[in-house]
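K.L.:
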Amino acid sequence: MPSKVNDAVLGWGAPGDDPRNPWFSWSYVSQNADTLLAALREHLYLTIVAVVLATVIAIPLAILAYRVGSLAGPILGFTGVLYTIPSLALFAFLAPFTGIVAPTTVLIGLTMYALLTIVRNTLTALRQVPADVLDSARGMGYGKRAMLWRIELPLALPGIMTGLRIATVSTVALVTVGEMAGWGGLGELIIGGFNSNFYRPQIMTATLLCVALALVLDLVLLAVGRVIMPWTRRRAA
Amino acid sequence: MSVIQDAILWLNDPLNWTNPDGIISRTVEHLWISAAAVALGCAVAWPLGVWMGHVGRGGPAVVTVTNLSRAVPTIALLTIFPLTVIGFGPPAIILALSLFAIPPLLANAYLGLREVDPEVRDAGRGMGLSGWQLLRKVELPLAVPYLANGFRVAAVQVLATATLAAYVNGGGLGMIISRGFGLGLAAGGGQVLAGGLLVALLCLTVEGLLALAEKALLPKSLRRVRHRPPASAADALPARS
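If you read the protein sequences in the order shown, they are chains A and B.
Here our numbering runs 2 ahead of the position in the first sequence, where the first position is 1.
Here our numbering runs 596 ahead of the position in the second sequence, where the first position is 1.
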């Protein structure tokens, strides 16, 4: 790569090397608060829609795989193959059909990846419900439906919540890849900063916001889990 | 003409394969960048993971590293590293990619050493093996299936992530997709689709080959270990890029 460009932007080890391009600047943040907030909002919107969609699809799918043993193999196998395909390639498959301007391309891709995480975790959690618990429930006269709602799902809930948390954190990071398809939230600022003369404050601020968003959403889900599963509180403490 | 026909047409043009930035040279670039990143990741993560597993410390650290790697966007590292002292070019890309290879390598190395049956370890000690001998003659051989599994996961992970180097003009097969997007979907839709196909094919092929190699190279007695279900399915899932 051209060494001139390299020299111009080189070095955080050497302070004062280019005072106009620091790694962080409060004036950048205050002057661009609107842009940053808009990107953050888009990022949050994409993440929430994708994770909610994925949850709505994945949990019934996992229950199906759990109930119908012969479907578990194909469902897990298919999701495994999908998971191997890089996100950019997935967006590339979808973009020609769903268009660039609509967030559909990015949302479908994000939903698919989140789906895999949630299906796997839900299925594992359901399978880990102890057999003797199921036996006693059956002995007490629980039907299939009551067993699912009152025994299996509640006992699998901690595992399901773990899956949701992992899916959410990964989705936040993955949204940035949507930049190529025109909907990347904070990713647009990261790449935009790189493309407009390697503007460091923008890259760094957007990155920090992205990581912070992932951590905040993770903590929110952790708190939600504590509230809806009071019985896990003592174990965690 | 449909996009699919466009993609087939694009793949059928020999020039798109043999150009200086055609499919062949991009694939070679993709593979060597990925290989270098995986090698770097192994050089760092394996000794660390094996040592941590041997002394039985650092389990929470492994979990933290894995979780953190999920939260950091690949694109951020790919844009930040070239702007530091590392400078533009392959080293920055390789370094960024290798960071994403570390969590699966580290976790599997640690897990492999921890999963060694304590009785086997005791027996080794009882026979008078020193710590180093125990590691070399008992623990490491038994951890090989885990190391192999971690290697496969990390390699596929890096191969997939290397696609994103295209965002910073860093080469690899992702460039074909990004050039297509740059042309707009009307003109470049076929190229975008073809690029996606090539990348997916490369990842699936390497995943398949490594799985086969694992089967062919590992003795049967060691392979069985892998069939134990993981504590959580998510443990097996690397951060996606």
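Note that beta-carbon positions come from the ideal geometry of N, C-alpha and C, so glycine has one too.
Given that a residue counts as buried once 16 or more other Cβ atoms are within 10 Å of its Cβ, and exposed if not, what is S694/B?
P.N.:
With 16 or more other Cβ atoms within 10 Å, it is buried.
K.L.:
For L109/A, I'd like the list of residues in its chain whose CB is within less than 7 Å of its CB, leaving aside the five on either flank, ordered along the chain.
P.N.:
The residues are L48, V51, A52.
K.L.:
Buried or exposed, going by whether 16 or more other CB atoms sit within 10 Å of the CB of A148/A?
P.N.:
Label assigned to A148/A: exposed.
K.L.:
Quick one: Cα of A761/B to Cα of R710/B, how far?
P.N.:
Their Cα atoms are separated by approximately 35 Å.
K.L.:
Out of curiosity, what's the CA-to-CA distance linking A783/B and G776/B?
P.N.:
About 8 Å.
K.L.:
What is the DSSP secondary structure of E190/A, counted as helix, strand or coil?
P.N.:
Helix, per DSSP.
K.L.:
V712/B to K733/B, Cα distance in whole Å?
P.N.:
Roughly 12 Å separates the two Cα atoms.
K.L.:
Any beta carbon from chain A within less than 7 Å of P610/B's own beta carbon?
P.N.:
Judged by the 7 Å Cβ criterion, P610/B is not in contact with chain A.
K.L.:
Does DSSP classify W28/A as helix, strand or coil?
P.N.:
In this structure, W28/A counts as helix in the three-state DSSP scheme.
K.L.:
Report the rounded CA-to-CA distance for A807/B versus N745/B, giving the unit in angstroms.
P.N.:
Roughly 9 Å separates the two Cα atoms.
K.L.:
Could you have a look at G145/A and say whether DSSP puts it in helix, strand or coil?
P.N.:
If DSSP states are grouped into helix, strand and coil, G145/A belongs with coil.
K.L.:
In this structure, how does DSSP classify R748/B when only helix, strand and coil are distinguished?
P.N.:
R748/B: helix per DSSP, three-state reduction.
K.L.:
For M182/A, which of F93/A, S172/A, R122/A has the nearest alpha-carbon?
P.N.:
Here the closest residue by C-alpha is F93/A.
K.L.:
Counting only C-beta atoms, is V213/A closer than 7 Å to chain B at any point?
P.N.:
Interface residue, yes.
K.L.:
By alpha-carbon positions, which one of V788/B, V764/B, A809/B, L813/B ends up nearest to N199/A?
P.N.:
Nearest of V788/B, V764/B, A809/B, L813/B to N199/A, Cα basis: V764/B.
K.L.:
Which residues, in chain order, does the region 144–165 of chain A contribute to contact with chain B at a C-beta distance below 8 Å?
P.N.:
Flagged, chain order: G161, T164, G165.
K.L.:
For V171/A and chain B, any beta-carbon pair shorter than 7 Å?
P.N.:
Closer than 7 Å to some Cβ of chain B, the Cβ of V171/A qualifies, so yes.
K.L.:
In the DSSP assignment, the alpha helix (DSSP H) including S774/B goes from what residue to what residue?
P.N.:
Unbroken alpha helix (DSSP H) run through S774/B: 770–779.
K.L.:
For L798/B, which residues of its own chain have a beta-carbon under 6 Å away from its beta-carbon, when the five flanking residues on both sides are left out?
P.N.:
No residues qualify anywhere along the chain.
K.L.:
In three-state DSSP terms, what is R653/B?
P.N.:
Correct three-state label for R653/B: coil.
K.L.:
Measure the Cβ-Cβ separation of V754/B and V661/B and say whether it is below 7 Å.
P.N.:
No, they are not a contact pair.
K.L.:
By the three-class DSSP mapping on this structure, what secondary structure does D831/B have?
P.N.:
The pLDDT assigned to D831/B is 49, lower than 50, so where the model puts this residue is not dependable; a value taken from the coordinates is nonetheless given after this. D831/B falls in the helix class under three-state DSSP.
K.L.:
DSSP three-state call for M648/B: helix, strand or coil?
P.N.:
The answer is helix: DSSP assigns M648/B an H, G or I state.
K.L.:
Cβ atoms of L769/B and L730/B: under 7 Å apart, would you say?
P.N.:
No, the Cβ-Cβ distance between L730/B and L769/B is not below 7 Å.
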